[in-house]
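Quick mapping for you: the protein sequence lines, in order, are chains A and B. If you're matching positions, the first sequence starts at 123 in the numbering used here and goes up one per residue. If you're matching positions, the second sequence starts at 210 in the numbering used here and goes up one per residue. Quick reminder that beta carbons are idealized off the backbone N, C-alpha and C, glycines included. I have placed the structure first, in the form of structure tokens, so that the comments after it can refer back to it.
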Amino acid sequence: KNQVEQSPQSLIILEGKNCTLQCNYTVSPFSNLRWYKQDTGRGPVSLTIMTFSENTKSNGRYTATLDADTKQSSLHITASQLSDSASYICVVSKAAGNKLTFGGGTRVLVKP
Amino acid sequence: DAGVIQSPRHEVTEMGQEVTLRCKPISGHNSLFWYRQTMMRGLELLIYFNNNVPIDDSGMPEDRFSAKMPNASFSTLKIQPSEPRDSAVYFCASSFGVHPYEQYFGPGTRLTVT
Numbered sequence: 123k124n125q126v127e128q129s130p131q132s133l134i135i136l137e138g139k140n141c142t143l144q145c146n147y148t149v150s151p152f153s154n155l156r157w158y159k160q161d162t163g164r165g166p167v168s169l170t171i172m173t174f175s176e177n178t179k180s181n182g183r184y185t186a187t188l189d190a191d192t193k194q195s196s197l198h199i200t201a202s203q204l205s206d207s208a209s210y211i212c213v214v215s216k217a218a219g220n221k222l223t224f225g226g227g228t229r230v231l232v233k234p
Numbered sequence: 210d211a212g213v214i215q216s217p218r219h220e221v222t223e224m225g226q227e228v229t230l231r232c233k234p235i236s237g238h239n240s241l242f243w244y245r246q247t248m249m250r251g252l253e254l255l256i257y258f259n260n261n262v263p264i265d266d267s268g269m270p271e272d273r274f275s276a277k278m279p280n281a282s283f284s285t286l287k288i289q290p291s292e293p294r295d296s297a298v299y300f301c302a303s304s305f306g307v308h309p310y311e312q313y314f315g316p317g318t319r320l321t322v323t
């Protein structure tokens, strides 16, 4: 069983609307959680990194939340744009190390 | 900065052939990672180096896969012999120090083994 589960697997939203992606993890001991954006045919690009003590972090129209007690995170996209069409990957890092555990990603399609 | 550089960007080869993927990390970064991405399994860590030394290769699928980092600015991932199930996108990423170790990914190499 994957230690990082994301939902939904995919979603379609209209340009200008908001959406929220979910991530549940069981990775332990926890160090930090990252959200990556991956455009088609490109490598992942980091959006946010949150450590245990942080429960929210924003990067422009992207806002990530973290509840380390329930081991849940969300990524909220505000006022979506066509360029937001991509896969969004939740990644959790174990304490004391560089090793990352990746979720399966949520594929977002923004339609005009 | 040019970012992480990978070559080739696309590789098509026949089963049984040797394949070598190349990576140049961001200058000054001291950790380098090789990942594989497929539709079925998503992104998986194959191996990572710190200061040119392999630290964790537990993700390397089998002996057909090998990776080297002869110096701080170059790494290779070799598959010999290649098989159709090796078809995937292979990413290289690099990072430098300070926790929580932001990783920067290259554009990837799309490998197709026929």
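With distances taken between CA atoms, M224 of chain B lies nearest to B:S291 out of B:L320, B:V298, B:E311, B:S291. Within the DSSP bridge table, the entry for Q246 of chain B names B:L252, B:V298 as partners. The Cβ atoms of L143 of chain A and Q128 of chain A sit closer than 8 Å to each other. The C-beta distance from T323 of chain B to P293 of chain B rounds to 7 Å, short enough to fall under 8 Å. Secondary structure note for K233 of chain B: its beta strand (DSSP E) is the uninterrupted segment 228–233. Per the coordinates, the alpha-carbon of G165 of chain A lies some 15 Å from the alpha-carbon of L230 of chain B.
C-alpha of G268 of chain B to C-alpha of G138 of chain A: approximately 41 Å in a straight line. Straight-line measurement puts the Cα of G251 of chain B at about 22 Å from the Cα of H198 of chain A. Looking at the backbone, the Cα of K159 of chain A and that of S196 of chain A are separated by about 14 Å.
By the neighbour-count definition (other C-beta atoms within 10 Å, threshold 16), V214 of chain A is a buried residue.
Excluding residues up to 5 positions away in sequence, A217 lie with their Cβ nearer than 6 Å to the Cβ of P151 of chain A in the same chain. Counting only runs that start and end inside the region 153–216 of chain A, the beta strand (DSSP E) elements of at least 3 residues fall at 167–173, 178–181, 184–189, 194–199, 208–216. Rounded to the nearest whole angstrom, the C-alpha separation of I214 of chain B and T148 of chain A is 33 Å. For D266 of chain B, no Cβ of chain A is located within less than 8 Å of the residue's own Cβ.
Residues of chain A whose Cβ lies closer than 8 Å to the Cβ of G237 of chain B do not exist, since the nearest Cβ in that chain is about 16 Å away. Within the same chain, and ignoring the five residues on either side of D206 of chain A in sequence, the residues whose Cβ sits closer than 7 Å to its Cβ are I199, V230, V232. Residues of the region 151–167 of chain A with a C-beta atom less than 9 Å from some C-beta of chain B are S153, N154, R156, Y158, Q160, G163, R164, G165, P166, V167, listed in chain order. Sequence-distant Cβ neighbours of D266 of chain B in its own chain, meaning closer than 6 Å and more than five residues away, are I256.
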